[in-house]
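>
Numbering (this note's numbering), first residue to last: -11 to 85.
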């Protein structure tokens, strides 16, 4: 009976660990996508300096793209890291003697 309880506890704990780790990986993938968008927006901003000086609407739109991308990178990076730390903590508590 004790063996069944231990095995079922291990299976549930492993499933929870993998679930949390999978959610963290999804946030890291989203972070990567938004980071790529952020780099593209920075390149557009730096390569089109002359045009940005002439067109204030384009300049404002480009700055808005940079701001939105940076916020999304920050948001998903924090969520991913928090979930990853939670998964690691969960794994460590399961391996305590």
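All C-beta atoms, glycine included, are put in the ideal place defined by N, C-alpha and C.
(1) If you follow the alpha helix (DSSP H) that residue 79 is part of, which residue opens it and which one closes it?
(2) Please classify residue 9: does DSSP put it in a helix, a strand, or coil?
(3) Is the separation between the beta-carbon of residue 5 and that of residue 61 shorter than 8 Å?
(4) Taking the beta carbon of residue 3 as the centre, do at least 16 other beta carbons fall within 10 Å, making it buried, or is it exposed?
(5) I need the straight-line Cα distance from residue 52 to residue 81, nearest angstrom please.
Reading off the structure:
(1) 44 to 82
(2) helix
(3) no
(4) exposed
(5) 43 Å
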